[in-house]
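Under the numbering used here, the first residue of the sequence shown is numbered 3, with each subsequent residue one higher.
By construction, the Cβ of each residue, glycine as well, lies at the ideal position given by its N, Cα and C atoms.
Predicted, not measured: the structure shown is a model, and the values here were computed from it.
Structure, as structure tokens:
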Amino acid sequence: MNVRLIARLSVMMFVQYFIWGAWAPTLGNYMTTIDAGEWIPLAYALGPIACMIGPFFLGMVADRFFDSEKLLGVLMLIAGAAMCAMPFAAGTDLFLPLLGLHALCYFPTLGLTASLAFHHLKNQEKEFPWVRVFGTIGWATIGLFMGYVLQADNTATPLYIGGGAALFLGLYSFTLPYTPPPSRGQTTTWKQIAGIDAFNALKSKSFVVFLAAAMLIFIAFGTYFPYAPIYFSAIHENFFAGGDAFANPSGEMAWGQVSEIFFMLLIPFFFRRLGVKWMLLLGMLAWVARFAIFAVGASVGTYYFILIGILIHGICYDFFFVTGQIYIDKKTAPEIRGQVQGLLVLLTQGIG
């Protein structure tokens, strides 16, 4: 295990998810304070729309034309500038377009950073969880800091922090290990530009089942971050008014990322004991259990019962999405790996 390499990739992952975790859990609350609450669904739809537009093309570019670390740097600089400008556009028609520009540059890089890491790791099943766990640590760090230290859920502070972190990652990306496109110099056809080659992976029945399940699961996932803060705020008002329970939703939600850290480090163990299929199944069942807990919790208002629904986030996310990324890397050819990672982002963060 190359510790120095893993450390460099871990910083990349930490900041990548620190950015998302800075604003995603609290944007709905901030938009409510600037009298833009009716636009919350559209704001959270911009990320999926960006994931439907960008991943195939970005994956093809990374696979054939540009060094991945340089491409990541340029996209993050644009994403950071757009997010830092958003508070100045609050209450104007520019607010959502700036968020859309950020989303268009940021969300397709979720697959890009994964493929960049896989390119340099020799034992993906063992080493990738150690890199990816720092993404979760990044999300949890900013969530806990925002909720319990700054208590800035209803302010523009998360946008400034997220934008600043994106600018930092943009500069840091240019120092990452050289990651040339695996198919540089080869003739490029219209099918490759359109991402058609990525669909060759669909010839495998098991791969089709995985992608279909991923898309369905992320329909549920897509409702969590936009509406969980509102749900927890309502729980606080109805059951715990005057107390601390769920007073700062981003802080409580960050415990889900703490759980994610724990289960992420257990992925190599479960890979050996259960295999990919059983891990994916457990991840799906955990989502069913989570929403059942939240449904009952809305009626009974028991703090620790609802907290269980937050804490099983590690199984929900790690056993499905992270395991799925490793599965894709092992099942696809190097020349289309970036595009297939983009296909997963399209079906989960986009259509799902």
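Discussion item. Taking a contact to mean a Cβ-Cβ separation below 7 Å, would you say Asp331 touches Pro182 in this structure?
Written reply: In the sequence shown, residue 331 corresponds to position 329, counting from 1. In the sequence shown, residue 182 corresponds to position 180, counting from 1. No, they are not a contact pair.
Discussion item. Does Glu239 pass the burial test, meaning 16 or more other C-beta atoms within 10 Å, or should it be called exposed?
Written reply: Numbered from 1 along the sequence shown, position 237 holds the residue referred to as residue 239. With fewer than 16 other Cβ atoms within 10 Å, it is exposed.
Worksheet item: By the 10 Å Cβ neighbour count, where 16 or more other Cβ atoms means buried, how is Phe176 classified, buried or exposed?
Response: Translated into the one-based positions of the sequence shown, residue 176 becomes position 174. Exposed, because fewer than 16 other Cβ atoms sit within 10 Å of the Cβ of Phe176.
Discussion item. In whole angstroms, give me the CA-to-CA distance for Pro270 and Asp95.
Written reply: Taking the sequence shown and counting its residues from 1, the one referred to as residue 270 is at position 268. Taking the sequence shown and counting its residues from 1, the one referred to as residue 95 is at position 93. Taking the straight line joining both Cα atoms gives about 47 Å.
Worksheet item: Can you list the alpha helix (DSSP H) stretches of 4 or more residues lying completely in the stretch 196 to 274, in chain order?
Response: 207 to 241, 251 to 267
Worksheet item: Using 8 Å as the threshold, is the stretch 102 to 112 in touch with the stretch 241 to 255, meaning 3 or more CB pairs across them?
Response: no
Worksheet item: Rounded to a whole number of angstroms, what is the C-alpha to C-alpha distance between Ile221 and Asn125?
Response: Position 219 of the sequence shown, counted from the first residue, corresponds to residue 221. Position 123 of the sequence shown, counted from the first residue, corresponds to residue 125. Going by the C-alpha atoms only, they are around 31 Å apart.
Worksheet item: Which residue comes first and which comes last in the alpha helix (DSSP H) that contains Thr138?
Response: Locating residue 138 in the sequence shown gives position 136, counting from the first residue. Element bounds for Thr138: 126 to 146.
Worksheet entry | Nearest residue (CA-CA) to Gly253, options Leu309, Leu282, Arg134 | The count along the sequence shown starts at 1 and reaches residue 253 at position 251. Per the Cα distances, Leu309.
Worksheet item: Closest to Asn156 by CA distance: which of His315, Phe273, Gly145, Thr34 is it?
Response: Position 154 of the sequence shown, counted from the start, is the residue given in the question as residue 156. Per the Cα distances, Thr34.
Discussion item. Which of the three DSSP states is assigned to Gln18 in this structure?
Written reply: By one-based count along the sequence shown, residue 18 stands at place 16. Residue state, collapsed to three classes: helix.
Practice prompt. Compare the Cα-Cα distances from Gly285 to each of Ala9, Ala247, Lys128, Phe223 and report the closest residue.
Written response: The residue labelled residue 285 in the question sits at position 283 within the sequence shown. Among Ala9, Ala247, Lys128, Phe223, the Cα nearest to that of Gly285 belongs to Phe223.
Worksheet item: When DSSP labels each residue in this structure, what does Phe90 get in the three-state scheme?
Response: Numbered from its first residue, the sequence shown carries residue 90 at position 88. Of the three classes helix, strand and coil, the one that applies to Phe90 here is helix, per DSSP.
Discussion item. Can you give me the C-alpha to C-alpha distance between Tyr233 and Arg6, rounded to a whole angstrom?
Written reply: Sequence index remark: in the sequence shown, residue 233 carries index 231 (1-based). Sequence index remark: in the sequence shown, residue 6 carries index 4 (1-based). Between Tyr233 and Arg6, the C-alpha separation is close to 42 Å.
Worksheet item: Taking C-alpha atoms, which residue in Ala236, Gly316, Asn31 lies nearest to Leu267?
Response: Counting from one through the sequence shown, the residue named residue 267 turns up at place 265. It is Gly316.
Item to complete: Assign Ala45 to one of three DSSP states: helix, strand, or coil.
Response: Within the sequence shown, residue 45 is the residue found at index 43, counting from 1. Helix at Ala45.
Worksheet item: Whose C-beta lies closer than 7 Å to the C-beta of Arg134 among residues of the same chain, with five residues either side of it excluded?
Response: As a working mapping, residue 134 is identified with position 132 in the sequence shown. Met15, Met266, Val324.
Fill in: Pro43, buried or exposed, once every other Cβ within 10 Å from all chains shown has been counted against 16
Indexing the sequence shown from 1 puts residue 43 at position 41. Counting Cβ neighbours within 10 Å, Pro43 comes out exposed, since fewer than 16 surround it.
Worksheet entry | Whole-angstrom C-beta distance between Gly145 and Ala249, which should lie under 8 Å | Mapped onto the sequence shown, residue 249 falls at position 247. Mapped onto the sequence shown, residue 145 falls at position 143. The Cβ separation is near 14 Å, so there is no contact.
Discussion item. In the DSSP assignment, the alpha helix (DSSP H) including Ile330 goes from what residue to what residue?
Written reply: What you label residue 330 is simply residue 328 of the sequence shown in a count that begins at 1. Unbroken alpha helix (DSSP H) run through Ile330: 325 to 333.
Discussion item. Rounding to the nearest angstrom, what Cα-Cα distance links Glu262 and Asp37 in this structure?
Written reply: Position 260 of the sequence shown, counted from the first residue, corresponds to residue 262. Position 35 of the sequence shown, counted from the first residue, corresponds to residue 37. Near 34 Å, if we compare the C-alpha coordinates of Asp37 and Glu262.
Discussion item. Here's the rule: buried if 16 or more other CB atoms are within 10 angstroms of the residue's CB, otherwise exposed. What is Glu40?
Written reply: In the sequence shown, counting from the first residue as 1, residue 40 sits at position 38. With fewer than 16 Cβ atoms within 10 Å of its Cβ, Glu40 is classed as exposed.
Discussion item. Check for me: the alpha helix (DSSP H) holding Gly165 runs from which residue to which?
Written reply: Residue mapping note: residue 165 aligns to position 163 of the sequence shown, counting from 1. Run containing Gly165: 159 to 175, per the alpha helix (DSSP H) assignment.
Worksheet item: In whole angstroms, what is the alpha-carbon distance linking Tyr329 and Ala291?
Response: Translated into the one-based positions of the sequence shown, residue 329 becomes position 327. Translated into the one-based positions of the sequence shown, residue 291 becomes position 289. Taking the straight line joining both Cα atoms gives about 24 Å.
Item to complete: Would you mind sorting Ser117 into buried or exposed? The rule is 16 or more other CB atoms within 10 Å of its CB.
Response: As a first step, residue 117 must be located in the sequence shown, where it is residue number 115. Classification of Ser117: buried, given that the 10 Å Cβ count is 16 or more.
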